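In our numbering, the protein residues as written are 1210 to 1418.
Below is one structure, written out as structure tokens; the observations come after it.
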Ligand code: PRP
Ligand code: URA
């Protein structure tokens, strides 16, 4: 059963309030995207598998837990997904990182693919695809399909702001992929921007435009 988790942690909600503001400049916007990704990663890794192992403390032998499931990978959708990588790695430093380059054609709103570079063993890993924005869903659906075409089976998707249209597109195309959402917004406008949203995430992270 597909999990669709909308974050309710007060720190995440507060920081999402800050990134929506027009008067939040690139430096703060970038830092906040990284912090939100870190908190979201904490929530999205709650169900990772653990096993018992015996260890020696300075006092005695005891049983502790260690992660036992698949190794992890983070795959940002370029460009804006890059802003989430550092925060993810702060929580899961051993994860490998792949990159998928897609941009949304402004006229058709369809994703255009321009890059894909993944760690060689990505198909054996649990993969977190990250992008701050899920609008029509075209980019996330295409990125996840690219991974599936390369044999990747265990995929989760994390976004900071989602539109209902994007969530529906993901549910239809990839019902096997759990989705972690920072905030679920109202709708898309005529230009495919999320309302109330935060504008163009890539431009705000990198200071373009
Ligand atoms: C943005 C965003 C997503 C996509 C979401 O990227 O980072 O990748 O739009 O829209 P969708 O759900 O309708 O596909 P954009 O295409 O602006 O590229 P950029 O990150 O390079 O600026
Ligand atoms: N991409 C963005 O960066 N923002 C939106 O609102 C929609 C797509």
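Positions of the beta carbon are idealized from the N, C-alpha and C atoms, including for glycine.
A quick note: this is a predicted structure, and the numbers were derived from the prediction, not measured.
Residue 1283 is positioned such that its CB atom lies closer than 9 Å to that of residue 1294. According to the DSSP secondary-structure assignment, residue 1282 is paired through a beta bridge with 1305 and 1336. Per DSSP, the continuous beta strand (DSSP E) segment holding residue 1321 begins and ends at 1320-1326.
Cβ-Cβ distances below 6 Å link residue 1378 to 1346 and 1350 in the same chain, with the five nearest sequence neighbours on each side left out; the list follows chain order. Of all C-beta pairs linking the segment 1248-1262 to the segment 1225-1239, fewer than three are shorter than 8 Å, placing the two stretches out of contact. Contact between the segment 1259-1277 and the segment 1210-1218 is not established, with fewer than three Cβ pairs separated by less than 8 Å. Its Cα nearest to that of residue 1353, the residue 1325 stands out among 1406, 1370, 1325 and 1409. When rounded, the separation of the alpha-carbon atoms in residue 1416 and residue 1271 is 51 Å. The beta carbons of residue 1305 and residue 1280 sit closer together than 9 Å. Within 8 Å of the C-beta of residue 1286 there is at least one heavy atom belonging to the ligand PRP. Cβ-Cβ distances below 7 Å link residue 1358 to nothing in the same chain once the five nearest sequence neighbours on each side are left out. Straight-line measurement puts the Cα of residue 1392 at about 14 Å from the Cα of residue 1366. Taking C-beta separations shorter than 8 Å and ignoring five residues to either side along the sequence, the partners of residue 1328 in its chain run 1282, 1305, 1306, 1307 and 1334, following chain order. Checking the DSSP bridge columns, you'll see residue 1389 partnered with 1214 and 1367.
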